[in-house]
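Residue numbers (the working numbering): 2 to 424.
To keep things clear, I will list the structure first and then write my remarks on it.
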RNA sequence: AGAGGAGUGGCAGAGUGGUCGAUUGCGGCGGUCUUGAAAACCGUUGUACCGCGAGGUACCGGGGGUUCGAAUCCCUCCUCCUCUGCCA
């Protein structure tokens, strides 16, 4: 969430940023924030003053008791009754103001970076670059949901029997392709100096709040109610929360982590014509990269992560393009997001396979993720993450783009991982 | 899962109702001494909020309660350890 002091000091800039997102009622909400913060401050100041008085009286009573002056002590006690009531009132007032302020801040999205184009929807995203040749396929080309049946490598019906729609079963070369991609992605990340982690894939409420899935997106996560745990929608949640309530020393930055996890999304009400086959699933595999950086270095890191992901797509020989998301299409918590899309030659459309974002202090403020530099001052770090990569759509694109009448050719870089070259 | 024990500052470890944000040791930082280092000695050493400042307030696993006053008493939750059971 945004820092109140930042809103105070940069009111016009914050307002302009929210307008770039087409965020409604921005000005009045920002004014409310400042007003609630003022309320919070004044109730706390009052509370602290009275508390100080009460503490003084208590000390006095302690001394009187020690000296055996029981009567005077009793007299002093009488005065505290009123103070107690006042403290209770101011306490309530203060915590109410704090809660209201927090609730309000939760509804305000991050401020877009100056380079973010204004715009309302995906159509206004800026195409930063396109790379690779869109393949010219033979006449009998098929979308991946046909190919997987033809070669018997992914079985949706079996998944329905075992679990339900959106939980495919990968078989034979299909399963081996999954495993190969995961290993390839992890090995590449290790070469790029990311430290591998294997986090839990169920997380508690605090973690959900830490990265912002709660309270807004509660309905998007599977909830194990018996234990009040959530299945992760992305490894971003457990990996970034590793650093919740942590103060690192400046020389430990940047922190670079990579993790492979399955991801679970309920995707309630989001099924339609474009989500056939592997395009949208309830469970899928993803390798995620996360960085925690010094505030001065986060945009450099973002560019590094972007070119890193581009490198993966190039090695997989997939035609892709990079989009800079516009204000209206960007995620709630992000300051700048690049989407990577691969071209799916049989569906004849672009598929999002990665999203790389800088959250600046928006997440770290909630997480209380700080660093301490030479000057001994603690300040919020910046957090970033990106998919590197999400498997299903990569699999879809590999299958579709490389299909021939003789079979499906596997990208060269995967051969040693796969143990075969064709499906 | 059952029985018992325990959670205190970076770490170790005192503190069982009063001036305790908390004795002490180690570590860290600064200094004295030294050609340099070690040793020794001296000083310093958390986080957050409010305040221009002086300063104030909160934090002893989390939450709640008793009390004029809670690290200390009560309730509850969490975590760890030991024993028993179960298990990949």
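Cβ coordinates follow ideal geometry from the N, Cα and C atoms, glycine included.
Delimiting residues of the beta strand (DSSP E) encompassing residue i
i, result
"residue 385", "383–391"
"residue 284", "284–294"
"residue 338", "337–345"
"residue 231", "230–232"
"residue 371", "370–373"
"residue 350", "350–361"
Extent of the continuous alpha helix (DSSP H) run through residue i
i, result
"residue 323", "Looking at the DSSP string, residue 323 is not in any alpha helix (DSSP H); the run it does join, the beta strand (DSSP E), is 321–325."
"residue 260", "Taken as a continuous stretch (DSSP letters only), residue 260 belongs to no alpha helix (DSSP H), being part of the beta strand (DSSP E) at 256–265."
"residue 15", "12–21"
"residue 248", "Not the alpha helix (DSSP H): residue 248 falls in the beta strand (DSSP E), residues 247–250."
"residue 46", "27–67"
"residue 312", "299–316"
"residue 334", "Unbroken run through residue 334: none, as it is neither H nor E."
"residue 419", "416–419"
"residue 240", "237–242"
Beta-carbon proximity list for residue i, same chain, < 6 Å, skipping 5 on both sides
i, result
"residue 19", "27"
"residue 231", "204, 209, 222 and 224"
"residue 62", "74 and 77"
"residue 245", "211 and 368"
"residue 278", "145 and 146"
"residue 318", "412"
"residue 359", "299, 303, 336, 337 and 385"
"residue 66", "74"
Residue from the options with nearest C-alpha to residue i
i, options, result
"residue 76", "92, 93, 58 and 89", "58"
"residue 10", "32, 409, 118 and 97", "32"
"residue 394", "153, 146, 185 and 109", "146"
"residue 376", "251, 190 and 118", "251"
"residue 254", "418, 233 and 298", "298"
"residue 167", "104, 204, 247 and 281", "281"
"residue 103", "188, 333, 366 and 49", "366"
"residue 327", "318, 339 and 317", "339"
"residue 95", "194, 278 and 49", "49"
"residue 202", "236, 216 and 215", "236"
"residue 189", "414, 419 and 423", "414"
"residue 55", "88, 30 and 65", "88"
"residue 152", "302, 172 and 47", "172"
"residue 342", "357, 249 and 321", "321"
"residue 296", "347, 90 and 362", "362"
"residue 81", "64, 216, 8 and 51", "51"
"residue 154", "217, 409 and 83", "409"
Proximal residues to residue i (C-beta, below 8 Å), its chain only, five neighbours per side dropped
i, result
"residue 421", "174, 177 and 411"
"residue 183", "261, 286, 288 and 392"
"residue 141", "406"
"residue 116", "325 and 337"
With 16 other Cβ atoms within 10 Å as the buried cut-off, status of residue i
i, result
"residue 402", "buried"
"residue 135", "exposed"
"residue 374", "exposed"
"residue 383", "buried"
"residue 407", "exposed"
"residue 163", "exposed"
"residue 266", "buried"
"residue 276", "exposed"
"residue 308", "exposed"
"residue 165", "exposed"
"residue 132", "exposed"
"residue 8", "buried"
Cut-off 7 Å between Cβ atoms - residues of its own chain near residue i, not counting five sequence neighbours on either side
i, result
"residue 329", "22, 23, 120, 121, 122 and 125"
"residue 98", "37, 40, 41 and 44"
"residue 240", "198, 200, 258, 260, 289 and 291"
"residue 191", "197"
"residue 85", "none"
"residue 214", "222, 234 and 238"
Within the segment 180–220, note down every full alpha helix (DSSP H) run reaching 4 residues or more, in order along the chain. 206–212
In chain order, what are the residue ranges of uninterrupted alpha helix (DSSP H) at least 4 long that sit wholly in the segment 104–181? If one requires a minimum length of 4 residues, the alpha helix (DSSP H) runs lying completely within the segment 104–181 are 145–151 and 157–163, in chain order.
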